[in-house]
Amino acid sequence: MDARDFLTEDGRALLLLCSTLATDDTASPFTLTEWNQLARRIHDSPLQRPAALVGQSAHALAETLGVTRDDADRIVRLLERGGRVALELETLFSRGLWVVTRVDPHYPAKLRATLKHQSPTVLFGAGTLSLLKRAGIAVVGSRNIDEAGTAFAQTLGCKCAEASLPVVSGGARGTDSIAMTACLEAGGTAFGVLADSLERTIRQPDLRQLLLDERLVLLTPYAPTAGFSVGAAMGRNKVIYGLADYAVVVSSDLQKGGTWAGAVEALRAGWCPVFARDGHEVPAGNRKLLELHAAALPETELESLSDLPHWFQTHVASREEQPELLPMTVMERPAKYRAKR
Amino acid sequence: MDRLEAERLLQQMLGADARFRDGQWEAIDRAANHRQRLLVVQRTGWGKSLVYFLATKILRDAGAGPTLLISPLLSLMRNQIAAAERAGIRALTIHSENLAEWPQVEDALRANRCDVLMVSPERLSNAGFLEKLLPLLAARIGLFVVDEAHCISDWGHDFRPDYRRIVRVLRHLPANVPVICTTATANNRVVQDVMSQVVSLELSRGPLIRPSLRLYNIRLADQAERLAWLAQFVPKLSGNGIIYTLTIQDARRVAEFLQREGIAARQYHADLEGEQRVQLEQALLRNEVKALVATVALGMGFDKPDLGFVIHFQRPGSVVAYYQQVGRAGRAVETAYGVLLSGREDDEIADYFIRTAFPPAEFMQQVLAVLEKATGMTIEEIGAALNCRRGTLEKALRLLEVDQAVEHRKTVWSRTANPWTPDVMRAEQVTALRRAEVEQMRRYVEHTGCLMEFLARALDDPSPASCGKCMNCTGQTHRQSPPTELVQRAVEFLRGDSILLSPRLRWPKTILPEVQRALPADAVVSSTVIPEPLRAQPGRALCIWGDAGWGREVADGKYVAGRFSDALLEAAARLVREKWNPQPAPAWVAAVPSWRRPELVRDFATRLAAKLGLPFAPLIQQLRDTQPQKQMENSVTQLRNLLGAFAVVGDLPRGPVLLVDDLTDSGWTMAVLSVLLQAHGSGPVHPFALAKSSPRNS
Numbered sequence: 000m001d002a003r004d005f006l007t008e009d010g011r012a013l014l015l016l017c018s019t020l021a022t023d024d025t026a027s028p029f030t031l032t033e034w035n036q037l038a039r040r041i042h043d044s045p046l047q048r049p050a051a052l053v054g055q056s057a058h059a060l061a062e063t064l065g066v067t068r069d070d071a072d073r074i075v076r077l078l079e080r081g082g083r084v085a086l087e088l089e090t091l092f093s094r095g096l097w098v099v100t101r102v103d104p105h106y107p108a109k110l111r112a113t114l115k116h117q118s119p120t121v122l123f124g125a126g127t128l129s130l131l132k133r134a135g136i137a138v139v140g141s142r143n144i145d146e147a148g149t150a151f152a153q154t155l156g157c158k159c160a161e162a163s164l165p166v167v168s169g170g171a172r173g174t175d176s177i178a179m180t181a182c183l184e185a186g187g188t189a190f191g192v193l194a195d196s197l198e199r200t201i202r203q204p205d206l207r208q209l210l211l212d213e214r215l216v217l218l219t220p221y222a223p224t225a226g227f228s229v230g231a232a233m234g235r236n237k238v239i240y241g242l243a244d245y246a247v248v249v250s251s252d253l254q255k256g257g258t259w260a261g262a263v264e265a266l267r268a269g270w271c272p273v274f275a276r277d278g279h280e281v282p283a284g285n286r287k288l289l290e291l292h293a294a295a296l297p298e299t300e301l302e303s304l305s306d307l308p309h310w311f312q313t314h315v316a317s318r319e320e321q322p323e324l325l326p327m328t329v330m331e332r333p334a335k336y337r338a339k340r
Numbered sequence: 000m001d002r003l004e005a006e007r008l009l010q011q012m013l014g015a016d017a018r019f020r021d022g023q024w025e026a027i028d029r030a031a032n033h034r035q036r037l038l039v040v041q042r043t044g045w046g047k048s049l050v051y052f053l054a055t056k057i058l059r060d061a062g063a064g065p066t067l068l069i070s071p072l073l074s075l076m077r078n079q080i081a082a083a084e085r086a087g088i089r090a091l092t093i094h095s096e097n098l099a100e101w102p103q104v105e106d107a108l109r110a111n112r113c114d115v116l117m118v119s120p121e122r123l124s125n126a127g128f129l130e131k132l133l134p135l136l137a138a139r140i141g142l143f144v145v146d147e148a149h150c151i152s153d154w155g156h157d158f159r160p161d162y163r164r165i166v167r168v169l170r171h172l173p174a175n176v177p178v179i180c181t182t183a184t185a186n187n188r189v190v191q192d193v194m195s196q197v198v199s200l201e202l203s204r205g206p207l208i209r210p211s212l213r214l215y216n217i218r219l220a221d222q223a224e225r226l227a228w229l230a231q232f233v234p235k236l237s238g239n240g241i242i243y244t245l246t247i248q249d250a251r252r253v254a255e256f257l258q259r260e261g262i263a264a265r266q267y268h269a270d271l272e273g274e275q276r277v278q279l280e281q282a283l284l285r286n287e288v289k290a291l292v293a294t295v296a297l298g299m300g301f302d303k304p305d306l307g308f309v310i311h312f313q314r315p316g317s318v319v320a321y322y323q324q325v326g327r328a329g330r331a332v333e334t335a336y337g338v339l340l341s342g343r344e345d346d347e348i349a350d351y352f353i354r355t356a357f358p359p360a361e362f363m364q365q366v367l368a369v370l371e372k373a374t375g376m377t378i379e380e381i382g383a384a385l386n387c388r389r390g391t392l393e394k395a396l397r398l399l400e401v402d403q404a405v406e407h408r409k410t411v412w413s414r415t416a417n418p419w420t421p422d423v424m425r426a427e428q429v430t431a432l433r434r435a436e437v438e439q440m441r442r443y444v445e446h447t448g449c450l451m452e453f454l455a456r457a458l459d460d461p462s463p464a465s466c467g468k469c470m471n472c473t474g475q476t477h478r479q480s481p482p483t484e485l486v487q488r489a490v491e492f493l494r495g496d497s498i499l500l501s502p503r504l505r506w507p508k509t510i511l512p513e514v515q516r517a518l519p520a521d522a523v524v525s526s527t528v529i530p531e532p533l534r535a536q537p538g539r540a541l542c543i544w545g546d547a548g549w550g551r552e553v554a555d556g557k558y559v560a561g562r563f564s565d566a567l568l569e570a571a572a573r574l575v576r577e578k579w580n581p582q583p584a585p586a587w588v589a590a591v592p593s594w595r596r597p598e599l600v601r602d603f604a605t606r607l608a609a610k611l612g613l614p615f616a617p618l619i620q621q622l623r624d625t626q627p628q629k630q631m632e633n634s635v636t637q638l639r640n641l642l643g644a645f646a647v648v649g650d651l652p653r654g655p656v657l658l659v660d661d662l663t664d665s666g667w668t669m670a671v672l673s674v675l676l677q678a679h680g681s682g683p684v685h686p687f688a689l690a691k692s693s694p695r696n697s
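Protein chains in written order, with numbering that gives the first Met the number 0: chain R, 0 to 340; chain E, 0 to 697.
Now the structure itself:
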C-alpha cells in the first residue's frame, strides 16, 4: 500500500466526478454546489455511497437518483475515465503529491468541520498530510505591504514558531511569504494553501527540502497543474481560514482585493475568530474590519506577547452563530466552536 | 459471447481447424464475460495474445472502450496483430521508434477505430503520450493487459521500474475494469509477489515443459575448449539457433572465432544500434545465419518457432533466466537442442553481477543529497559531484526512481517531494536469493536425473515429469572432445584477438574550465570536441585483463614477476607489425610514465622499440603521483586525476609515435598524453596497451 494513497473507493468516485483531472469537453466535472446536491441524492437513494455509482448505466442512474438523463450521462462519462485518471494519479504520486477527497477519512477534519458543505471536494497537496491536524494561525494580507506591516508579519511568524503553531497562509508574495518565511526560519511549521501551480512549486529545492523535513505542507483545491486565476485565488481563502484556529489580517485594502473579501466572508460565515492588526497607521481595510467585529491585535502588544494561544483565546470577539442553511449529508456534522464574550 | 462464437472468431484468426488450447477459453470467459482480473502463466507459444485479443472483441462488442496493452515486445508482435485483424480487431502500436505514425494513431483513437492500443512500458511515463494520446482513448479503457507480467516482481530477474508504475496504475484503476496479466516465466515466488502487488488477481496456470527440447550439460573449463566445441558441433546441429554469452566481449569473440571457422555466426548485444539488431534478428528468422551469438539483449519476445538450438557459452545466473533462454528453442519443431556449456569463469562473473546489483545505501543517500541541492541535474553532472561509476549511478537512480524519490524528464534528473529511507533488508534478501539461484544452477549443471524435470520443479510447474529425451534420460552422458588441433586454433585465436581502443573524442562538459587551465591553449577550442590534430588515433590492446588469451600473463608480469615476459613482447610486436599496422607508421616509441613503478612500462616500451627497430624517447614526465585510474569511478574523476600530472620535456623526435602503456581503462591517459605530445610537435599518436580492463554485460 502506498503511504500517500489516501483515496478510498468512495474517494476515487468523488475524484472522478468532481476533479478536472483528465477531463475533456464531453463532460464537465461537478461543481461544489452541484456535488452537494448530488451527494444528497446519493445518500437518499439505495446506492448510499459514491462508489456504488461506478458501473451503473445512465438509465439506471437516472432512475435511482432521480437526476435528468443528461446528468446521468454526464456521471457515466466522468466515471468512465477511471483508467486515465489512474495514470495521471500515478504520475502525481511519483512526484510526491497526494490527493484526498471530502469523503476520505484522511481529509483534514478541521477543514470539513469548519467549512461544512463549502469544504472543497478534492484537495491536492505535498508534504505530510497528517500535519494538518495541528491547529494553525492564518496570517493573511495584501501583496504590497508597508514597513510596519512587514515587521508585524515577521514578528507574528516568529511568535507562531515559538508557540509551535503552524502559520497557515496563501504562499503568495508579500504578507503570506513574509510570515511563512519568518516562521520557517525560526524553526516553525507552515501550511501553504496555493491557488495554482502546486506541481511546479514543489520542484523548488528549498521548498522541497522543507516538505521532506516535514516542516511544510502545500495544498490546493485546484488541479496541481492549474495556472493562476483570480477566482482561484479567492476560492482558496476559505481553505486558509478553515485550517486555522485563529486568523490574523495583517493589512487589507478597503472594499477590494482578496484579503478584504476573504476576511469579510470569514467574519460573516464564522469560520474562525478573525483578528486585525491595529495601530496608528494601519490601512483603511483593517479599520473597517475592526468595525465589522474583527478583534484587535495591537502592533504594540504583539512584541511582548509571551503566550500566543492564551492571548488569542482570551481576546476573541463575540459573534452570532449562523444558522445552517444546507444540512450535511455524506459528511459528519461538525462540532461548533463557541465564541467567548 | 459463448465458446462456440468465440471459436468461430479464433478460426477467422488462425484457420478453419484451429481449436482452443487448454485454458484459453476459460481465461477469455473469466476476463471478458465475468470482468475478472487474471494472471495467466503459460509457456511461450501457448497463445496468450489470443486470450486478450478475443477478450477485447467480446468487450468491444458489448460497448466497452479500447484495450490498453502494455508490452515490452511490441515490435515483434506483427504476426499476432495480423491474426487479430482477420477477426476484425484493430490493434495499433505506439513506441519510441514509430513516432511518425503517432498522428494516424491519434486519428484512429479519435474516431474510435482502435480496439487495442499497444504501448511499451516506458510510454506510461512519457509526457507526450500522457498528454496527447491517452486522452483520446475515448476517455475510457475497456481492458488493461500487462504482458510479461513477471517484470512486476523485483524477485524476478527482469524487474523493470516501468512495471512498478504499472502496478500503481492498476491500483488506482476502478474495480470494473478487467485486467489480464500474462507471463511465461514465473515460479511460485514471483507469482505470489505479482499477486500481492496487484490485488484480486486470479491465477490461470499451465504446464511449462517443452516436449521437443533435448537438454545437455557439458563442462569445459577453458574458453578455448568451449570455442573448439562450438566450432565442431554447431555445424552438426540441424536448423538455426542462439549461442548465449554472459558478456558483450565474449559475444564478439565467440562470433569472430566461429566465423573464422567458416560458420555463419553474428554477434548481437546492446552495443549494436537498434536497427542493426533488428536486421540480425531478421537474418536469424530467415535462416540466413546459423547462429546469433548474443547476450541477454536478445531477450524476451524474440520469437522464432522453429529455432533449432540454444547453446550457453557460460552458465546463466538462475534457472528462471536459463529456462527463459533455452525455452526459445523448439516451440514449433519436433526436436531442438538446449546445451549448457559451463566453465571456469562462471562463478566469478555471477559473483560480479550480484555484487554490483545494489549500490550501497550510503551511496544512494549521497545521490539524493546532491540532487536535493538542485532543481535538476544530468547524469554527468551528478557523476561529476560524486566519484562514482556511471553504471553504478544509473543503477542507483533507477532504484530511487522505483521508490519515487527521484524522477527524470528526458536527461534531467530531479528529487521528488517523496521521502526516502533505504530498505537494507530488502537488498540483503534479494542478494541472498540471487546467491541461492546461482547455487541452484550449480546443482543443475551437476544433476544426474532428468534435466527438464529439474527445471520444471525449480519453476514450480504444476505437473513435472521425466522428459525421456535429455542426456540423462537417454544415457548420452559420454562426452566427445573436440580435436586437439581445433583447441589449439582456439588458443591462438584468443591470443591473437586484439582489442580496439577507441580514442576519446570529447572533453566532459562539466570540467571544461579545468581542462582549459591544465592543457595547452589549443586543446580546448570553442566546444567540448577534442580538436582533431590533437586527438589520439584508434589504438590496440593485446588482451582483456585476466582473460584466457594473454590476460593472465599480463597480470602475472605486473604483479608477480615485475617484468613483462618475452612472450608478451613477441605478441605485442607481432600485433603492431602484422595485424594492426598503424598508419602513418610510427617513427618512435614513447611510454606512459608511472610514479610508483617507473621501470615496468619503460622497460617493456624500450624492449618493444628495439624489437620494432624504432628509437625510444623517455620524454614524458610525471609531475606528481596520481591515484590508480581504476579507483577513479567515472569519466570526470578519471580525467581530473590526470590533469596537470604530466609534462613533455625536451625535443621530440619528428613523426608519428607509438605510445605504450600496460593497462588502459578509461582512455583518458592516452587522450591527455596525445594532446601534450602533439602540442609539442610530435606526429599522430598510436596508443598501445597490453591489456584493457572492465568487461560489460548485456
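In this text, a Cβ means the ideal position worked out from N, Cα and C, and glycines have one as well.
Quick check: the region 535 to 553 of chain E against the region 565 to 583 of chain E, are at least 3 beta-carbon pairs closer than 8 Å? yes
Status (buried if at least 16 other CB within 10 Å, exposed otherwise) for residue 167/E: buried
What did DSSP end up calling residue 319/R once you bin it into helix, strand or coil? Below a pLDDT of 50, predicted positions are generally treated as unreliable, and residue 319/R, at 48, falls in that range; the measurement from the model is reported next regardless. In this structure, residue 319/R counts as coil in the three-state DSSP scheme.
Is it buried or exposed, residue 126/R, if we count other Cβ atoms within 10 angstroms and call 16 or more buried? buried
Beta strand (DSSP E) containing residue 212/E: first to last residue? 212 to 218
Taking C-beta to C-beta, are residue 292/E and residue 264/E nearer than 8 Å? yes
Does any C-beta atom of chain R lie closer than 8 Å to the C-beta of residue 131/E? no
Which same chain residues end up closer than 8 Å to residue 137/E when comparing Cβ atoms and leaving out the 5 residues on each side of it in sequence? Interpretation of residue 137/E is limited by its pLDDT of 46, a score under 50 that renders its predicted location unreliable; the figure taken from the coordinates is listed afterwards. Contacts found: 64, 65, 108, 111.
Look up residue 17/E in the DSSP assignment and say whether it is helix, strand or coil. coil
Length at least 4, wholly inside the region 443 to 516 of chain E: the alpha helix (DSSP H) runs in chain order: 450 to 457, 470 to 473, 483 to 495
Start-end ranges of the beta strand (DSSP E) lying completely within the region 69 to 131 of chain R, minimum 3 residues: 96 to 100, 121 to 125
Interfacial residues, the region 385 to 413 of chain E to chain R, with Cβ spacing under 7 Å: 403, 406, 413
Measure the alpha-carbon distance for residue 118/E versus residue 152/E and round it to whole angstroms. 20 Å
Would you identify the three-state DSSP class for residue 549/E, choosing helix, strand or coil? coil
Is residue 112/R close to the ligand SAM? I mean its beta-carbon at under 7 Å from any heavy atom of the ligand. Ligands displayed in this structure: none; no statement on the ligand SAM is therefore possible.
Which residues, in order along the region 45 to 64 of chain R, keep a beta-carbon less than 7 Å from a beta-carbon of chain E? 53, 54
Using the Cα positions of residue 184/R and residue 386/E, report the straight-line distance between them to the nearest angstrom. 33 Å
When burial is assigned at 16 or more other CB atoms within 10 Å of the CB, is residue 319/R buried or exposed? Note that residue 319/R scores a pLDDT of 48, beneath 50, so its modelled location is shaky; the value from the coordinates is reported in the next line. Exposed, since its Cβ has fewer than 16 Cβ neighbours within 10 Å.
Are there 16 or more other CB atoms within 10 angstroms of the CB of residue 352/E, so buried, or fewer, so exposed? exposed
Listed by chain order, chain E residues near residue 298/R by CB distance under 8 Å: Result: empty, since nearest Cβ-Cβ is about 37 Å, beyond 8 Å.
If you follow the beta strand (DSSP E) that residue 363/E is in, where does it begin and where does it stop? Careful: residue 363/E lies outside any beta strand (DSSP E), inside the alpha helix (DSSP H) at 360 to 371.
When the Cβ atoms of the region 171 to 178 of chain E are set against those of the region 93 to 108 of chain E, are three or more pairs found closer than 8 Å? no
I need the DSSP call for residue 686/E, collapsed to helix, strand or coil. strand
Residues of chain E with CB closer than 8 Å to the CB of residue 125/R, please, in chain order. 416
Classification of residue 3/E by the beta-carbon crowding that lies within 10 angstroms, buried from 16 upward: exposed
With residue 137/R as the anchor, note down where its beta strand (DSSP E) starts and where it stops. 135 to 139
Would you kindly report the start and end of the unbroken beta strand (DSSP E) that includes residue 180/E? 178 to 182
Rounded separation between residue 591/E and residue 557/E - CA only: 15 Å
Give the range of the alpha helix (DSSP H) segment to which residue 76/E is assigned. Looking at the DSSP string, residue 76/E is not in any alpha helix (DSSP H), and its letter there is neither H nor E.
Contact belief for residue 684/E with residue 656/E at Cβ below 8 Å, rounded distance in angstroms: 6 Å
Relative to the alpha-carbon of residue 193/R, which residue among 209/R, 204/R, 224/R has its alpha-carbon at the smallest distance? 224/R
Spatially closest choice to residue 544/E from 45/E, 688/E, 451/E, 379/E, by CA coordinates: 688/E
Helix, strand or coil: which one does DSSP assign to residue 137/E? Caution applies to residue 137/E, whose pLDDT of 46 falls short of 50 and renders its modelled position unreliable; the value that the coordinates give is listed next. DSSP places residue 137/E in coil when its eight states are reduced to three.
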